[in-house]
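Engineer:
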């Protein structure tokens, strides 16, 4: 068969790793990728067994070897998903980028901005794509929200309240994200805060110019900060707040954003992603639903089934991979949009800024 | 590559056909099927072009030829999805079943119960699967709801109110479902009512023993009944109501079920499929969320990502295909469950019963 | 003090009687009534003690004596609220109406339409008001809903689904409403179904021309019908359904109405009474909130505080009493609107029609 | 008539003043107060006319005269509601307190903490009540929330997010609250932030030990701060955030609080005040409804009608006045609870702290 699909690889994401599974479903959903190569754990045998269960043909022991050999093949991978713990992102992503292979690297891109900036530079100099899956910006209704803001439907943005207040680690959990050596000390910011911040940037088109952060540990004895409250000043001088935690007892995902303009406001919750609430100054609320014919072209393009057929997290993730496929193929005529290494770098700077501010008792720090 | 995937075919579902696209995404999402053969329209050229865009290798002009040739191949299709208008289901499904090829046939299975029963018999005598994608019963939370009822958590079922009140045809639409020759005269029942009825049967484990139906046409001039209100007596003598329409102005999908037991009640909406509301007699409500660790094994098995990561229509559809894959492979050790030809036949009888009751001014008719 | 308030009396509503308390709060809220006379139970001493605790000056043993003596006083009651069990409504209301005293009589007005019609006639011939507190039609947002329909905002009404599915008697309760001699056999219809039906009539301005009803008993051993499903044909030939029960396990009040027009639909729930959902054919929903400046004059007039300050059941009840006060005073220049004896009579006929239909296996009966 | 009601007076709250009307309805709802004296505006004639329309017997020109003459009467006022602009609270409240008359004074108690403390001292030395109507803490479900926290149902409190983000002044409004001389410069904090802060204190039983505030002006040209974001450290060292604004475009009242404990969390919205959401660490949510028999005695006591009958803002306000009546009468045997002058003083200090922090670029300030 003359397979029309792009060829993908994966490093990390062995059995039980949720985020690796999400990448794979997202690649598969639209049948645009074949997952052909990978490393699914440190030990060869279980990695190979897992690969076979997934139909992955080529299994490697070492990511440098994988990069080298895949780069050498005619049918080698077009792109590799790096879904390992944060502290290994830099070395792995670098290995592939240097061999001219595009990379989807989980957030935070790296654990410090120097290495993140280096990855961006390497991708650029090798003319390959470095993408960071802040996939919440790929929801159809978020795309529509961003277009409403660009169209001026909200007027001047006056305030933004974003939060990613998850409950997934409300109690003690034994996981690499709770190890400061692997996930960094500001894990609430790195793990979820960067998503909320990217969503704010994506919808509003604004950047942060300064910020103040208070980091705290809500679960006693936890060696990382699992809670963070941030104040931002945005590039149009509007104030904003971001709250990030994994210890919001009883919350599901808890990603929510509210954008207030002079003429209208927007609200979106990840728990109900196919709807977008628009409020007018008179107090009326309009609920827009995915699949309505009046939404933007971009929202329509990213809707697979239609009104009344909820699309969820994996569809948003697949939107990311679908736009990436367009970009990798150089397809014209659409409006693909994915978070890149630059966005990933800004996310890392965001993490660093929270740590710097916190170290100074939540003083304002200029956002680089 | 030694592809581990099942081989699937499709008849119908050309460009723009929503339901065909849904089947394909559902096959792909878990990478358990390769769509290898199909007929995507009456005209060869566009069908072949579309097949190529999908990566489908073998295109046919005629379903009988397709059945014959695929049956003859070693790598021929394991299963075919029939997603054509209702009036052609019988002939197409029969052609494949007779060649020993399993069939997923869209609902209503056929336009009369004799032919539906014949398909069931053919599938049985050829030892192949005939499945009908009432996919709403494949949502994780619906699986959990059914298990709660089986566990006795609700006590005796005393009343059920099901509705599939969609707004998709609130205004005039030009489509085969509005042509009585193709979709039948009771299109509200055939198109959506059968889904609500199957959901009721799946969750409660009860059958209908008699029913009364009033059919009506809400959109003036429409040559079919686009609205139906049904009263049922269930096999435990509890009363139930089903409302089916495609003309509920402004509704999205409008599929909703409420099951009342002596000890608790359940409510589920398709607009928020990852939650299930459980109400206790004291007036308190508990909202269960997909991914909670306390849900049934079956709900857990059908959850790909986890708490806080909404799964939607395509995931439910993929649950159907995933269970079908288990059945086709004869995999042991799980609890696959798919609506079969028998369920499809009961759905056709449901449509017929509504027509018979309506013809007698909504008199009670015994449900066969 | 020259008290500007109307003088009210009450029969029934002793300690612990919820509905009597509701009437009193509703009279007091806007300071338009002084409750000056009453009978709060069969036994003199506790009735008098309760009256004193309420600040009620004149206590009687017998409603006929009360009617006579109040009618004879210069400062006698302007209106009496009758809040006794259903089977006593007729005699009590008649006693006051005949003495020229206006009456607010709880629903159902009486237990048969002959006596209900007689009360209407007596009120008319004595030129006094007979009002029936279907107070849900007094919510500001219901007033607005009715005006939207009158304005043609919904276009032709094509379907209505009303339900009053309360959970208050999901389990055995020992109360007069469960005694067929006092509350009638169709208690679900009399107790709550009449509210849903009145709401339907008030919002749409349509009457029922025929109906079919299935009555059932959801709580085993209960000597009355605690569940009823009704089909109606409305005066514009649109179909409608009404579901009434007190045995909807886990429900709070469960009063909900959805009105579908060709151009838009409306939805309102009693659990969130200060909002009204308007849906457009494209799938968008607009939520109107009490206090918005764009609502109808009538909704604005019935809003005490303003946007963001929820008003509930007692405020709706007080709206009823406020409009009644305007009518009793003959105040010009507003748009008072209260359910009258005619509405009460139609409600009694509704109850009777359900019993007649049910007796004939849910056959259609012409609505008188 | 031997009126059993307490005698109340009012200063302020003329025609069109929303908060004055709210106080009056709240006094009347339970028939525990007669409003007998007042000043309803600066000009005698319209004030007297308005008084007459309300049935208020005694109208005064000057609050000092009113205090003196009412104190001298046997049937003089037991309590006076002061509902004038903030800058006049001190002088007016003082006049009544000094004459031994209890005062309900709108928040903020005064515009500076010295005068607020003075009022507290005067009330104490005259053995009268000084109450501040932070009436949100009088909602039945908030009472229940506080009792859940006291019972330890949430475990240790780890984080609180409170917000009062109203949209009432999203656009330019011409009102005394926008005049820094009358309402203070931090109007967002004084007007609504103090409510959110009191709710936090009431539910959690915790005090703030330090705070950081950023004040901003969202509506261009407005001479006051209409937006404030606060960080608090609570007395158990848990962090908390408070967001206060009147410029949240499109919001109704926007009062919402979320309290996170180690074992459960609570959420309450003013838009749906009769429900309280309780979340468990496993991700399940339970919605408690006013009127459920399992709620605390205090919640039950403050419920007038029962499950399924929403009570709103005026009922909460009446709960405040009902508890005040118990206190004024010295009634034993219940659990009245009203915000006092101390709470009002803490509110004023809260306003001052936000101004101090803001003046130092949102630095932490110790909370006195």
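Chains as they are written, first to last, in my numbering: chain Y, 1 to 368; chain C, 1001 to 1368; chain G, 2001 to 2368; chain U, 3001 to 3368. Note that beta-carbon positions come from the ideal geometry of N, C-alpha and C, so glycine has one too.
Which of the three DSSP states, helix, strand or coil, is assigned to residue 296/Y?
Structural biologist: Here residue 296/Y refers to the residue found at position 296 when the first chain is read from its first residue. DSSP places residue 296/Y in the coil class of the three-state scheme, outside both helix and strand.
Engineer: Step through the CB atoms of chain Y and report whether any lies within less than 8 angstroms of the CB of residue 2288/G.
Structural biologist: For the purposes of this step, residue 2288/G is taken as the residue at position 288 of the third chain. With 8 angstroms as the cut-off, residue 2288/G counts as an interface residue toward chain Y.
Engineer: Does chain G have any CB closer than 8 angstroms to the CB of residue 3370/U?
Structural biologist: Residue numbering for chain U in the displayed model covers 3001 to 3368; residue 3370/U lies beyond these limits and cannot be assessed.
Engineer: If I measure Cβ to Cβ from residue 2001/G and keep anything under 7 angstroms in the same chain, skipping five residues before and after, which residues do I get?
Structural biologist: Your numbering for residue 2001/G matches position 1 in the third chain. Its pLDDT being 43, under 50, residue 2001/G is placed unreliably by the model, and the measurement read from it follows with that caveat. Contacts found: none.
Engineer: Find the residues of chain G that neighbour residue 148/Y, judging by a C-beta separation of less than 8 angstroms, and give them in chain order.
Structural biologist: On the first chain, position 148 is the one that residue 148/Y refers to. Here the premise fails: no neighbours, minimum Cβ distance about 13 angstroms.
Engineer: Quick check on residue 3045/U: buried or exposed, where buried means 16 or more other Cβ atoms within 10 Å of its Cβ?
Structural biologist: Within the fourth chain, numbered from 1, the residue matching residue 3045/U stands at position 45. Exposed, since its Cβ has fewer than 16 Cβ neighbours within 10 Å.
Engineer: Report yes or no: is there a C-beta of chain Y within less than 8 angstroms of the C-beta of residue 3038/U?
Structural biologist: Translated into the one-based positions of the fourth chain, residue 3038/U becomes position 38. So no, residue 3038/U is outside the interface.
Engineer: With DSSP run on the structure shown, which of helix, strand or coil describes residue 1039/C?
Structural biologist: Start at 1 with the first residue of the second chain, and residue 1039/C comes out as number 39. Strand at residue 1039/C.
Engineer: Spell out the partners DSSP gives residue 372/Y in its beta bridges.
Structural biologist: Chain Y is shown only over 1 to 368; residue 372/Y falls outside these bounds and no answer can be derived.
Engineer: Taking the CB atoms as reference points, tell me whether residue 304/Y and residue 3249/U lie closer together than 8 angstroms.
Structural biologist: On the first chain, position 304 is the one that residue 304/Y refers to. On the fourth chain, position 249 is the one that residue 3249/U refers to. No, Cβ-Cβ distance for residue 304/Y and residue 3249/U is not below 8 angstroms.
Engineer: Measuring only the C-alpha atoms, how far is residue 255/Y from residue 165/Y?
Structural biologist: To locate residue 255/Y, count along the first chain from 1; it is residue 255. To locate residue 165/Y, count along the first chain from 1; it is residue 165. Approximately 6 angstroms, taken between the alpha carbons.
Engineer: Quick one: using the 10 Å Cβ neighbour count with 16 as the cut-off for buried, is residue 3330/U buried or exposed?
Structural biologist: Counted from its first residue, the fourth chain places residue 3330/U at position 330. Its Cβ having fewer than 16 others within 10 Å, residue 3330/U is exposed.
Engineer: How about residue 3093/U and residue 3066/U: are their beta carbons less than 8 angstroms apart?
Structural biologist: Here residue 3093/U corresponds to residue number 93 of the fourth chain, with the count starting at 1. Here residue 3066/U corresponds to residue number 66 of the fourth chain, with the count starting at 1. Cβ distance not < 8 angstroms, so residue 3093/U and residue 3066/U don't count as in contact.
Engineer: Can you find a C-beta in chain U that's less than 8 angstroms from the C-beta of residue 1985/G?
Structural biologist: Any question about residue 1985/G goes unanswered here, given that chain G covers just 2001 to 2368.
Engineer: By a C-beta neighbour count over all protein chains shown, 10 Å radius and 16 as the cutoff for buried, is residue 1031/C buried or exposed?
Structural biologist: Here residue 1031/C refers to the residue found at position 31 when the second chain is read from its first residue. Looking at its Cβ environment, which holds 16 or more other Cβ atoms inside 10 Å, residue 1031/C is buried.
Engineer: State yes or no: is the beta carbon of residue 3166/U nearer than 8 angstroms to at least one beta carbon in chain G?
Structural biologist: By one-based count along the fourth chain, residue 3166/U stands at place 166. With 8 angstroms as the cut-off, residue 3166/U counts as an interface residue toward chain G.
Engineer: So, residue 1077/C versus residue 1017/C, is the Cβ gap smaller than 8 angstroms?
Structural biologist: Taking the first residue of the second chain as 1, we reach residue 1077/C at position 77. Taking the first residue of the second chain as 1, we reach residue 1017/C at position 17. Taking 8 angstroms as the Cβ cut-off, residue 1077/C and residue 1017/C do not qualify as a contacting pair.
Engineer: Within its chain, find whatever has a CB closer than 7 angstroms to the CB of residue 2097/G; leave out the 5 residues flanking it on each side and keep chain order.
Structural biologist: By 1-based counting over the third chain, the position of residue 2097/G is 97. Cβ within range, chain order: 2103, 2119, 2122, 2123, 2126, 2128, 2130.
Engineer: Against residue 1271/C, what residues of chain G qualify as contacts under a CB-to-CB distance less than 7 angstroms, listed in chain order?
Structural biologist: Position 271 of the second chain, counted from the start, is the residue given in the question as residue 1271/C. The contacting residues do not exist; residue 1271/C stays about 11 angstroms from chain G at best.
Engineer: Whole angstroms is fine: what's the gap from residue 204/Y's alpha carbon to residue 246/Y's?
Structural biologist: For the purposes of this step, residue 204/Y is taken as residue 204 along the first chain, with counting starting at 1. For the purposes of this step, residue 246/Y is taken as residue 246 along the first chain, with counting starting at 1. Taking the straight line from one Cα to the other gives about 25 angstroms.
Engineer: Kindly identify the DSSP beta-bridge partner or partners of residue 3233/U.
Structural biologist: Reading the fourth chain from its first residue, position 233 is the one you call residue 3233/U. According to DSSP, which records beta bridges pairwise, residue 3233/U is partnered with 3210/U, 3239/U.
Engineer: When DSSP builds the beta bridges, which residues end up paired with residue 3010/U?
Structural biologist: By 1-based counting over the fourth chain, the position of residue 3010/U is 10. Looking at the DSSP assignment, residue 3010/U forms a beta bridge with 3038/U, 3081/U.
Engineer: Could you tell me which chain Y residues have their CB closer than 9 angstroms to the CB of residue 3281/U, listed as they occur along the chain?
Structural biologist: As a position in the fourth chain, residue 3281/U is number 281, starting the count at 1. Ordered by position in chain Y, the residues that pass the 9 angstroms Cβ test against residue 3281/U are 167, 170, 171, 249, 250.
Engineer: Cβ of residue 3230/U less than 8 angstroms from any chain C Cβ?
Structural biologist: What you label residue 3230/U is simply residue 230 of the fourth chain in a count that begins at 1. Closer than 8 angstroms: no.
Engineer: Could you spell out where the beta strand (DSSP E) holding residue 1268/C opens and where it closes?
Structural biologist: Indexing the second chain from 1 puts residue 1268/C at position 268. Note, residue 1268/C: beta strand (DSSP E), 1265-1269.
Engineer: Does the CB of residue 80/Y have a neighbour CB from chain C at under 8 angstroms?
Structural biologist: The residue you call residue 80/Y lines up with position 80 of the first chain. Cβ-Cβ to chain C under 8 angstroms: no for residue 80/Y.
Engineer: Leaving out the 5 sequence neighbours to the left and right, which residues in its chain are closer than 8 angstroms to residue 14/Y when beta-carbon positions are compared?
Structural biologist: By one-based count along the first chain, residue 14/Y stands at place 14. 20, 40, 41, 46, 47, 50, listed in sequence order.
Engineer: Measure the CB-CB distance between residue 289/Y and residue 157/Y and report whether it falls below 8 angstroms.
Structural biologist: To locate residue 289/Y, count along the first chain from 1; it is residue 289. To locate residue 157/Y, count along the first chain from 1; it is residue 157. Contact flag unset, no.
Engineer: Look up residue 3129/U in the DSSP assignment and say whether it is helix, strand or coil.
Structural biologist: Translated into positions along the fourth chain, residue 3129/U becomes position 129. Three-state result, residue 3129/U: coil.
Engineer: Within 10 angstroms of its Cβ, does residue 1187/C collect 16 or more other Cβ (buried), or is it exposed?
Structural biologist: Within the second chain, numbered from 1, the residue matching residue 1187/C stands at position 187. With 16 or more Cβ atoms within 10 Å of its Cβ, residue 1187/C is classed as buried.
Engineer: Could you check the C-alpha separation between residue 3005/U and residue 2055/G for me, to the nearest Å?
Structural biologist: Along the fourth chain, one-based indexing puts residue 3005/U at 5. Along the third chain, one-based indexing puts residue 2055/G at 55. Those two C-alpha atoms are separated by around 8 angstroms.
Engineer: Does any CB atom of chain Y fall closer than 8 angstroms to the CB of residue 1031/C?
Structural biologist: Indexing the second chain from 1 puts residue 1031/C at position 31. Closer than 8 angstroms: yes.
Engineer: What is the rounded straight-line gap between the Cα of residue 1374/C and the Cα of residue 257/Y?
Structural biologist: This structure cannot speak to residue 1374/C, because chain C is shown only from 1001 to 1368.
Engineer: Taking residue 2175/G as the reference, which of 2274/G, 2222/G, 2063/G has the closest Cα?
Structural biologist: As a working note, residue 2175/G is residue 175 in the third chain. Of 2274/G, 2222/G, 2063/G, the residue nearest in Cα terms is 2222/G.
Engineer: On the DSSP letters alone, give me the boundaries of the beta strand (DSSP E) that residue 257/Y sits inside.
Structural biologist: Here residue 257/Y refers to the residue found at position 257 when the first chain is read from its first residue. Residues 255-261.
Engineer: For residue 112/Y and residue 181/Y, which I take to be in contact (beta-carbon distance under 8 angstroms), what is that distance rounded to the nearest angstrom?
Structural biologist: Position 112 of the first chain, counted from the start, is the residue given in the question as residue 112/Y. Position 181 of the first chain, counted from the start, is the residue given in the question as residue 181/Y. 13 angstroms between Cβ atoms; not a contact.
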